[in-house]
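Following: one structure in structure tokens, then a few remarks.
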Amino acid sequence: MEKEKAKKLAILRHSCEHLLMQAMLRLWPGKIIMAMGPATQDGFYADFETRGGLKITPDDFPKIEAEMQKIVQEKLPFKKSVISPQKARQLFADNPYKQEWIDEIVQKKEPITVYYTGDDFVDLCRGPHVKNTGELKYFKLLSVAGAYWRGSEKNKMLTRIYGTCFPTKKELEAYLKQREEAQKRDHRRLGEELDLFLIDETVGPGLILWQPRGAMLRKIIMDFALDTYLKHGYQLVFTPHIARIKLWQQSGHWDFYRDSMFAPFKAENQRYSLKPMNCPFHVKIYNHKIRSYRDLPLRYTEMGTVYRFEKSGVLHGLTRVRGFTQDDAHIICRRDQLENEIQQALKLTVYMLKTFGFRQFKVKLSTRDPKNKGKFIGNDKDWELAEKFLRQALQKEKIVSLEEDRGGAAFYGPKIDVVVNDAIGREWQLSTIQLDFNLPARFQMRYTDQHGQAQQPFMIHRALLGSLERFIGILIEHYGGAFPPWLAPVQVSILPITKNEIALAEKIALRLKQAGLRYEIAASNQTLSYRLRQAELQKIPYLLILGAKEAKANKVVFRRRGSKEQKTLSLENFLATVNEEIAKKKLL
RNA sequence: GCCUGGGUAGCUCAACUGGCAGAGCAACCCCCUUGUAAGGGGUAGGUUGUGGGUUCAAAUCCCACCCUAGGCUCCA
115 MEKEKAKKLA ILRHSCEHLL MQAMLRLWPG KIIMAMGPAT QDGFYADFET
165 RGGLKITPDD FPKIEAEMQK IVQEKLPFKK SVISPQKARQ LFADNPYKQE
215 WIDEIVQKKE PITVYYTGDD FVDLCRGPHV KNTGELKYFK LLSVAGAYWR
265 GSEKNKMLTR IYGTCFPTKK ELEAYLKQRE EAQKRDHRRL GEELDLFLID
315 ETVGPGLILW QPRGAMLRKI IMDFALDTYL KHGYQLVFTP HIARIKLWQQ
365 SGHWDFYRDS MFAPFKAENQ RYSLKPMNCP FHVKIYNHKI RSYRDLPLRY
415 TEMGTVYRFE KSGVLHGLTR VRGFTQDDAH IICRRDQLEN EIQQALKLTV
465 YMLKTFGFRQ FKVKLSTRDP KNKGKFIGND KDWELAEKFL RQALQKEKIV
515 SLEEDRGGAA FYGPKIDVVV NDAIGREWQL STIQLDFNLP ARFQMRYTDQ
565 HGQAQQPFMI HRALLGSLER FIGILIEHYG GAFPPWLAPV QVSILPITKN
615 EIALAEKIAL RLKQAGLRYE IAASNQTLSY RLRQAELQKI PYLLILGAKE
665 AKANKVVFRR RGSKEQKTLS LENFLATVNE EIAKKKLL
């Protein structure tokens, strides 16, 4: 049923894409060379080349949409026709993209179908389509972008228009509203509004400056993660931000990853580079001693700050940056421990993500593409073994909706990635658990087994939150900036109504401090309304209001973010209530 | 890196085809002393991203670079 619906929607949207192209060709005859355009999950897009210096911008949308509506009014039927290759080549004589398609269809020995709408528009298309353009009433053009022909960097860049289409007005409006909602939650916008972080052009793109509130949030997350890992048998380590190139040559990063590393610099005749990964350091710590089979597994964890030279066009707020801190760990273990370690790591992942309020996950197994072995390091046997172990662990944990990404593995081994759904249904890849047999071999990691023989251990990389920057970005959007009390940088706003209550406010603040709460006193000479509004805009979870009445009765007025309900209670009762909510990491 | 927009006060944004750079919020000062989402008045704040060019005159036009948005490619 669901599938049927999705199929119908895709047909509607693909038809709408024809409608768009027809309108474009009517508006700018001879200047638009259409390339291709499918339906997507949210709508459709159309790729085309522009000629004669024509540039399409969102300013043109009203004009294009009006033209599309005209064609809708015309109720032109979609007419299918099967034609010969010769006819097709002739029909699209001046369109190199369609020629390329035709060649391919001919090669595959498939029939060539075209769809007409009216006398003026025909497109090479497999179909199917709606009956006529009159069905395509509820559409909207959304954005303009550049896109490479056939998705290859080597090809020409075309212009792409994204749009969407729904069977009813209501659904279209709901979709547009949800888009707006997503924009309101944009972590870049909230980062500014809530004073969490900033990016300064002079410091450099993709480098985050954490303001006090953002830094507090980061500390809370970091502390929680580290405490949890320590409880689960990890050991804390710290390693430097730079290392000699020699290290990266030994690890293989220099060969496989150099393009994404910041260029090396020299000091005393030695070349150094910023670290793009923490692994080699952890390996060095392991290798510092002769290890016994009894020592394993060893689990090293670190809040490791790494620097990667991401191309300028891919940077995005907190979610794609050039300097970030991973909640990294490397588990070094024997083969007989491998499966259990992977399983435990999976369990820990689920625990962490649930604690942070994510309810839905999807797991992706990324394996090597056997057809593209050059992209990966190591031999077939190791890869097969590693992939087998990951599969088994997933099965044992009964992880749902497993999806395989062939070719998605790291260059040194296969991995399990966890994708979460946020509060408004968007997907984010967060946790990763990766198996590595490259580094143990390259660094000649060893342990002595019960027979006194040297053995090579296995290594698991895992980052459960991924990068703190990215994780916080996602968390901001997930909660729309309204963090649960345990995460909120400021948990309580104390609002004395008049000057007379300021001394009391300070006394109460002292008690909150003792109780380990994070608070602010909002005592400017502004009206209470004004200060309440500020506290709500700052999304502070708990509000304490103090007036003459409360002072006299030795009580406080307690309100929660987003609610007008309030309670008058003693300070100790308030503390008991909120401390419990915070300890239990409850949502507000 | 590529395509198309954009960069104006701390923030959000104005300024018609080149002609004195402006508003709201925030900041600061004063008044109001506040009872549940913006009380009132005033002050200050700018080499219009950077560098070059065209022009009597440039935020506006041209060139280069930097940053940024939406995408594409990429994300070990």
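For the first sequence, the numbering used here begins at 115 and goes up steadily by one. No residue lacks a Cβ here, since even glycine has one placed at the ideal position from N, Cα and C.
Comparing C-alpha distances from residue 539 to each of 275, 592, 653, 187 shows the shortest one belongs to 592. When Cβ pairs closer than 8 Å are counted between the two stretches, the stretch 183-190 is seen not to touch the stretch 301-316, the count staying below three. The shortest CA-to-CA distance from residue 205 to any of 495, 230, 339 is the one to 230. Residue 518 sits exposed, since fewer than 16 C-beta atoms from the chains shown fall within 10 Å of its C-beta. Where residue 262 is concerned, the enclosing beta strand (DSSP E) starts and stops at 252-262. Contact between the stretch 430-443 and the stretch 566-579 is present: three or more C-beta pairs spanning the two stretches fall below 8 Å. Annotation: the stretch 303-348 contains the following complete segments of the alpha helix (DSSP H) (minimum length 4 residues), in chain order: 326-345. By the C-beta criterion, the stretch 374-389 is judged to be in contact with the stretch 417-429, since at least 3 inter-stretch pairs fall below 8 Å. Every alpha helix (DSSP H) of 4 residues or more that sits fully in the stretch 502-568 is shown, in chain order, as 552-556.
Close CB contacts of residue 285 within its chain, under the 8 Å cut and outside five residues either way in sequence, are with 252 (chain order). Its Cα nearest to that of residue 452, the residue 505 stands out among 406, 525, 505, 198. Counting other Cβ atoms within 10 Å of its Cβ, residue 563 stays below 16 and is therefore classed as exposed.
Of all alpha-carbon atoms in 395, 508, 585, the one lying nearest the alpha-carbon of residue 367 is that of 395. Counting only residues of its own chain and dropping the five nearest sequence neighbours on each side, residue 615 has a CB closer than 7 Å to the CB of 660, 661, 665.
Per the coordinates, the alpha-carbon of residue 600 lies some 25 Å from the alpha-carbon of residue 349. Annotation note: the stretch 175-226 contains the following uninterrupted beta strand (DSSP E) runs of length 3 or greater, listed N- to C-terminal: 192-197.
As the crow flies, the alpha-carbon of residue 629 is around 10 Å from that of residue 692.
For residue 591, the enclosing alpha helix (DSSP H) starts and ends at 582-593.
Take the alpha-carbon of residue 152 and the one of residue 179: they are about 18 Å apart.
For residue 394, no beta strand (DSSP E) segment is defined; the enclosing uninterrupted segment is the alpha helix (DSSP H) at 393-401.
In the DSSP secondary-structure assignment, residue 447 is bridged to 572.
In the DSSP assignment, residue 355 forms no beta bridge with any residue. Within the same chain, and ignoring the five residues on either side of residue 293 in sequence, no residue has its Cβ closer than 7 Å to its Cβ. A direct Cα-to-Cα measurement between residue 175 and residue 183 gives close to 12 Å.
Residue 565 is classed as exposed because its beta carbon has fewer than 16 other beta carbons within 10 Å across all chains shown.
In the displayed model, residue 612 falls within coil according to three-state DSSP, outside both helix and strand. Taking a cut-off of 8 Å on C-beta distances, the stretch 384-392 does not touch the stretch 325-343, as fewer than three cross pairs fall below it.
Counting C-beta atoms within 10 angstroms of its own C-beta, residue 419 has 16 or more neighbours from the protein chains shown and is therefore classed as buried.
At the C-beta level, residue 397 and residue 553 come within 8 Å of one another.
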